[in-house]
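2 protein chains.
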Amino acid sequence: MGIGNVSERRLAQPQIGVSVVILALGPHGDSEASGHSRLWLPLVRRVKQPFMGAWALPGGDLRVGHSLEESAFKALESTTELHPKYLEQLYTFGDPARSSGGLPMVSIVYWALVGEAETKDFAEVDNVRWFPADELPDLAFDHRRIIEYALWRSRSKLEYPDIATKLVGEEFTLSQLHDVYEAVTGQPLDLANFRRKMLASGHLEDTGRKRHVGRSRPATVYRYRHDGTANEDFPLPAVVNPPRSAGRSDDALSALMPS
Amino acid sequence: MGIGNVSERRLAQPQIGVSVVILALGPHGDSEASGHSRLWLPLVRRVKQPFMGAWALPGGDLRVGHSLEESAFKALESTTELHPKYLEQLYTFGDPARSSGGLPMVSIVYWALVGEAETKDFAEVDNVRWFPADELPDLAFDHRRIIEYALWRSRSKLEYPDIATKLVGEEFTLSQLHDVYEAVTGQPLDLANFRRKMLASGHLEDTGRKRHVGRSRPATVYRYRHDGTANEDFPLPAVVNPPRSAGRSDDALSALMPS
DNA sequence: CCAAAAGTGTTACTCTTACACCCATGT
DNA sequence: ACATGGGTGTAAGAGTAACACTTTTGG
Numbered sequence: 001m002g003i004g005n006v007s008e009r010r011l012a013q014p015q016i017g018v019s020v021v022i023l024a025l026g027p028h029g030d031s032e033a034s035g036h037s038r039l040w041l042p043l044v045r046r047v048k049q050p051f052m053g054a055w056a057l058p059g060g061d062l063r064v065g066h067s068l069e070e071s072a073f074k075a076l077e078s079t080t081e082l083h084p085k086y087l088e089q090l091y092t093f094g095d096p097a098r099s100s101g102g103l104p105m106v107s108i109v110y111w112a113l114v115g116e117a118e119t120k121d122f123a124e125v126d127n128v129r130w131f132p133a134d135e136l137p138d139l140a141f142d143h144r145r146i147i148e149y150a151l152w153r154s155r156s157k158l159e160y161p162d163i164a165t166k167l168v169g170e171e172f173t174l175s176q177l178h179d180v181y182e183a184v185t186g187q188p189l190d191l192a193n194f195r196r197k198m199l200a201s202g203h204l205e206d207t208g209r210k211r212h213v214g215r216s217r218p219a220t221v222y223r224y225r226h227d228g229t230a231n232e233d234f235p236l237p238a239v240v241n242p243p244r245s246a247g248r249s250d251d252a253l254s255a256l257m258p259s
Numbered sequence: 001m002g003i004g005n006v007s008e009r010r011l012a013q014p015q016i017g018v019s020v021v022i023l024a025l026g027p028h029g030d031s032e033a034s035g036h037s038r039l040w041l042p043l044v045r046r047v048k049q050p051f052m053g054a055w056a057l058p059g060g061d062l063r064v065g066h067s068l069e070e071s072a073f074k075a076l077e078s079t080t081e082l083h084p085k086y087l088e089q090l091y092t093f094g095d096p097a098r099s100s101g102g103l104p105m106v107s108i109v110y111w112a113l114v115g116e117a118e119t120k121d122f123a124e125v126d127n128v129r130w131f132p133a134d135e136l137p138d139l140a141f142d143h144r145r146i147i148e149y150a151l152w153r154s155r156s157k158l159e160y161p162d163i164a165t166k167l168v169g170e171e172f173t174l175s176q177l178h179d180v181y182e183a184v185t186g187q188p189l190d191l192a193n194f195r196r197k198m199l200a201s202g203h204l205e206d207t208g209r210k211r212h213v214g215r216s217r218p219a220t221v222y223r224y225r226h227d228g229t230a231n232e233d234f235p236l237p238a239v240v241n242p243p244r245s246a247g248r249s250d251d252a253l254s255a256l257m258p259s
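Protein chains in written order, with UniProt numbering: chain V, 1 to 259; chain P, 1 to 259.
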């Protein structure tokens with residue numbers, strides 16, 4: 001098989017890219033602190049046809065010589081400057097109809113979580129704006145459906161308790177964790193039973209410290225125990241808590257590479 | 001952006017292909033009817049470098065103008081002549097290290113189930129041979145890991161009861177269904193409790209007929225009720241019972257196309 | 001009558017749910 | 001002292017697991 005053949009086959013193939021649905025916890029109302037939270041996600045405004053001017057998921061090209069996760073991480077970083085604590089493959093979309101008008105496109109979509117601290121209060125910068133997950137604008141391509149799938153996946157994965165941890169931060173009170181669960185599922189959840197179930201799971205560790213909020217009794221601060229009894233999930237590549245050393249983005253990326 | 005640019009970007013991208021892990025129920029022992037079953041899967045012998053001569057998952061190129069599911073279905077059909085009743089996307093693998101020695105390769109892997117009737121008693125034809133899922137030979141690339149993931153996925157999806165149905169056929173007795181569960185999980189399962197749980201689920205419908213096997217009491221024959229209360233799975237494209245009209249393969253494919 | 005598989009009953013136990021209640025703290 | 005969230009108690013009910021038991025068939 002000559003080089004010419006290989007080139008021809010490659011030319012016959014669709015373009016490949018990566019996109020990322022990133023979720024973060026944010027305030028509920030535009031009005032003010034209503035106590036409860038909901039999920040927000042950042043979208044970028046397209047600067048090319050098709051769908052120029054419309055909102056779309058952050059994404060980019062596949063980087064040759066890098067894993068898919070690295071490509072997704074890099075794409076996300078270069079468009080939004082976010083460094084997710086959790087990044088997992090969601091699905092690959094490749095229907096010819098999805099790129100209405102454009103070139104055929106296969107998108108490998110990742111799903112990410114960032115803590116509230118990362119989000120810099122949801123202000124719009126450049127062409128990136130945060131939207132509440134239940135009040136999305138019109139979106140380019142099939143991105144609305146992709147987001148709905150990501151939200152569904154986040155709900156079904158919530159039973160693995162470390163997922164909630166990624167949204168709430170390293171240390172948290174049981175009320176905060178409870179708040180995350182309600183934000184993700186959209187359902188009210190009995191706090192008393194939630195507390196018992198979480199503590200019984202053995203995954204929470206008391207830090208010894210307490211946290212005050214208002215004029216009320218201080219709450220115990222917990223930490224998630226990453227150790228021990230491996231979870232029941234299959235070990236596929238996923239970015240979990242990349243140790244970011246002092247902000248340089250290449251460091252964050254290199255931390256993702258095996259070996 | 002001129003055409004030249006587009007070509008260049010495409011050339012920088014890895015090759016894309018589809019692969020399929022197909023599972024079927026088969027006999028347990030080489031010796032003979034030991035009553036119980038286990039999972040089998042077909043592999044094809046590679047006729048190209050790298051890994052020439054090694055066993056690998058069936059697969060093929062992406063077909064332009066066709067959906068990913070269609071490409072997977074076609075690839076499977078042309079290599080093994082199987083027509084899965086269930087075909088669902090599993091995962092996309094794209095690590096540069098996986099194509100050791102070859103060109104960089106992104107594989108969109110699908111996961112399929114076929115009934116025992118489809119398999120023509122597991123005889124080796126051409127370069128296709130069936131292997132028990134727990135006695136695999138050495139495999140090309142990272143295909144062993146991919147199969148392990150598919151097996152894990154089949155176990156975790158078994159709670160959706162229609163999965164078992166795809167392996168056992170349209171109509172079945174509760175013992176047969178029980179046998180599938182034990183084959184997939186590898187665990188023994190109390191038949192009495194299994195029976196009650198299945199019947200209580202409301203998904204099984206009595207056909208009114210009975211089936212005799214040996215010198216024993218005849219068993220009620222059930223059918224899976226596909227109707228009604230939508231399952232809790234997210235509706236992504238998946239091939240479910242493509243109505244094959246009299247064997248011509250193009251018909252099977254066209255049945256997969258939307259609208 | 002007997003073996004073998006189909007199918008039912010029963011009991012103990014765990015897990016879930018709903019909700020009443022007490023506790024510690026800042027104002 | 002009292003409002004506010006933090007945290008515990010408890011009892012009813014659903015679901016699970018283990019295993020003894022009865023039923024229907026062919027030989």
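Where a beta carbon is used, it is the ideal one built from N, C-alpha and C, also for glycine.
Residue i, DSSP secondary structure in three states
i: residue 210/V; result: strand
i: residue 105/P; result: strand
i: residue 64/P; result: coil
i: residue 124/P; result: coil
i: residue 184/P; result: helix
i: residue 88/V; result: strand
i: residue 236/V; result: coil
i: residue 46/P; result: coil
i: residue 132/P; result: strand
i: residue 159/V; result: coil
i: residue 189/V; result: coil
i: residue 150/P; result: helix
i: residue 14/P; result: coil
i: residue 204/V; result: strand
i: residue 76/V; result: helix
i: residue 83/P; result: coil
i: residue 99/V; result: helix
i: residue 215/V; result: coil
i: residue 178/V; result: helix
One or two residues paired with residue i in a DSSP bridge
i: residue 173/P; result: 221/P
i: residue 196/V; result: Partner(s): none; residue 196/V has no beta bridge.
i: residue 110/P; result: 20/P, 89/P
i: residue 37/P; result: 27/P
i: residue 139/P; result: 55/P
Residue i versus residue j: straight-line alpha-carbon distance, rounded
i: residue 33/V; j: residue 238/P; result: Note that residue 33/V scores a pLDDT of 49, beneath 50, so its modelled location is shaky; the value from the coordinates is reported in the next line. Going from the Cα of residue 33/V to the Cα of residue 238/P covers about 43 Å.
i: residue 171/P; j: residue 204/P; result: 10 Å
i: residue 57/V; j: residue 19/V; result: 6 Å
i: residue 173/V; j: residue 233/V; result: 26 Å
i: residue 168/P; j: residue 104/P; result: 38 Å
i: residue 126/V; j: residue 73/P; result: 43 Å
i: residue 23/V; j: residue 220/V; result: 26 Å
i: residue 150/V; j: residue 123/P; result: 42 Å
i: residue 60/P; j: residue 116/V; result: 43 Å
i: residue 76/P; j: residue 83/P; result: 8 Å
i: residue 16/P; j: residue 236/P; result: 21 Å
i: residue 155/V; j: residue 29/V; result: 21 Å
i: residue 153/P; j: residue 163/P; result: 11 Å
i: residue 188/V; j: residue 178/V; result: 9 Å
i: residue 27/P; j: residue 91/P; result: 28 Å
i: residue 54/P; j: residue 139/P; result: 6 Å
Assumed close pair residue i, residue j - CB separation to whole angstroms, cut-off 8 Å
i: residue 41/P; j: residue 183/P; result: 13 Å between Cβ atoms; not a contact.
i: residue 93/P; j: residue 107/P; result: 5 Å
i: residue 137/P; j: residue 102/P; result: 20 Å between Cβ atoms; not a contact.
i: residue 112/V; j: residue 39/V; result: That pair is no contact at about 12 Å.
i: residue 206/V; j: residue 222/V; result: 6 Å
i: residue 158/P; j: residue 13/V; result: The pair is not a contact, with the Cβ atoms about 35 Å apart (cut-off 8 Å).
i: residue 141/P; j: residue 98/P; result: 6 Å
>> Please list, in chain order, the residues of the segment 95-115 of chain V that have any C-beta partner in chain P closer than 9 Å.
In response: 95, 96, 97, 103, 104, 106, 108
> Can you list, in chain order, the residues of the segment 55-66 of chain P whose Cβ is nearer than 8 Å to any Cβ on chain V?
Replying inline: Those would be 61, 62, 64, 65, 66, in chain order.
>> Beta carbons nearer than 9 Å to chain V: which residues of the segment 148-181 of chain P have them?
In response: 148, 149, 152, 153, 156
> For the segment 14-27 of chain P, which residues have a beta carbon sitting closer than 8 Å to at least one beta carbon of chain V?
Replying inline: 14, 15, 16
>> Along the segment 71-94 of chain P, where does the CB come closer than 7 Å to a CB of chain V? Name the residues.
In response: Taking a C-beta cut-off of 7 Å against chain V, the contacting residues of the segment 71-94 of chain P are 89, 91, 92, 94, listed in chain order.
> Which residues, taken in chain order from the segment 213-239 of chain P, show a beta carbon closer than 7 Å to some beta carbon of chain V?
Replying inline: 234, 236
> What residues in the segment 39-52 of chain V have a beta carbon less than 8 Å from any beta carbon of chain P?
Replying inline: none
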